[in-house]
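Throughout the sequence shown, residue numbering follows the working numbering, covering 1213 to 1391 in sequence. Working notes, structure below.
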Amino acid sequence: TSPLVPADYMCFIIASNGITLDGNSHSITGDGTPSWDKGVYAGAVEGVTVKNLGISNFNKAGIHFFNVQNSFIRNNVANSMNQKGIWVESGTNIQISGNTANGNDVIGIYVYLGTGNVITDNTANSNDVGMHFEGTDGNVITDNEVCYNSEGGGDFRCSTGFGSGSGNTFDTQFGCDDE
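Right, here's the structure in full:
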């Protein structure tokens, strides 16, 4: 029995610790409905990895980690979602690296209430907002390309908290301190 359980509104649900979902360069495509559908959802787990997966056309998010710790989101393409490409909510020590999150209607990469996360070598272009950090602290954000996003001040946005950033390429930023 696999701990990856498909549901009507999510393609994959990761509900056990220590799971690796390796897409091996394959893709999943949603139909954009219902309003809460997601490509990959992981909740209240640790030591999980989602990598090498193409994800498109889900409504809420391509990848959503909720209350996940000590885990990885690597080398995925999360493009053309109705809302968020990659969404980490209440995550601790998550490494988000080498991903592409372009052409999402709202946010490319969104980190909400996260601490100690490392966000590096990602591309988040042509979204409303490229990367948004809200209620976060102690994160390290380096060497990301965040350009051509349409909302004013929307390439690289930090509402509250942040951490440290360096080497990021962006057209505009709001509230972030990138050295």
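Here a beta-carbon is modelled for each residue, glycine too, at the ideal position from N, C-alpha and C. It should be emphasised that the depicted structure is a prediction, and the values quoted were computed from it without experimental measurement.
- Residue range 1261 to 1268 is occupied by the beta strand (DSSP E) that includes residue 1264.
- Between residue 1297 and residue 1258, the C-beta spacing is not below 9 angstroms.
- Straight-line measurement puts the Cα of residue 1288 at about 25 angstroms from the Cα of residue 1388.
- DSSP places residue 1383 in the coil class of the three-state scheme, outside both helix and strand.
- Secondary structure at residue 1370: strand, using DSSP grouped into helix, strand and coil.
- When the beta-carbon positions are compared, residue 1363 and residue 1381 stay at least 9 angstroms from each other.
- The C-alpha of residue 1240 lies about 20 angstroms from the C-alpha of residue 1309.
- Residue 1235 carries a strand assignment under DSSP once its states are collapsed to helix, strand and coil.
- Counting the other Cβ atoms within 10 Å of the Cβ of residue 1379 gives fewer than 16, which makes it exposed.
- Per DSSP, reduced to three states, the secondary structure at residue 1349 is strand.
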